[in-house]
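Residue numbers (the working numbering): 41 to 110. Backbone N, C-alpha and C fix where the C-beta goes; we use that ideal spot for every residue, glycine too. One structure is given here, and the rest of the page talks about it.
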């Protein structure tokens, strides 16, 4: 998942979503001369990557059973 976030295609997709108004969160840096998508996508991807780095991931096995991803 972190590798996908680091991919330029994912970053461009997030930037497009932010610039076109299709995102519910729009982080901005006051005084920065860049589009909201250019700045916001970088910030959102960096934050999400950090959350994933600290996360414990699980996958479902069915019937209310799950296992931790190692």
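Are residue i and residue j close, meaning C-beta to C-beta below 7 angstroms?
{"i": "residue 45", "j": "residue 67", "result": "no"}
{"i": "residue 107", "j": "residue 42", "result": "no"}
{"i": "residue 78", "j": "residue 55", "result": "yes"}
{"i": "residue 92", "j": "residue 109", "result": "no"}
When burial is assigned at 16 or more other CB atoms within 10 Å of the CB, is residue i buried or exposed?
{"i": "residue 75", "result": "exposed"}
{"i": "residue 72", "result": "exposed"}
{"i": "residue 101", "result": "exposed"}
{"i": "residue 81", "result": "buried"}
Which value, in whole angstroms, describes the spacing of the CA atoms of residue i and residue j?
{"i": "residue 128", "j": "residue 103", "result": "Residue numbering for the chain in the displayed model covers 41 to 110; residue 128 lies beyond these limits and cannot be assessed."}
{"i": "residue 58", "j": "residue 70", "result": "16 angstroms"}
{"i": "residue 87", "j": "residue 105", "result": "30 angstroms"}
{"i": "residue 53", "j": "residue 99", "result": "26 angstroms"}
At what residue ranges does the segment 41 to 99 contain a whole run of the alpha helix (DSSP H), taking only runs of 4 or more? 42 to 46, 48 to 59 and 76 to 94
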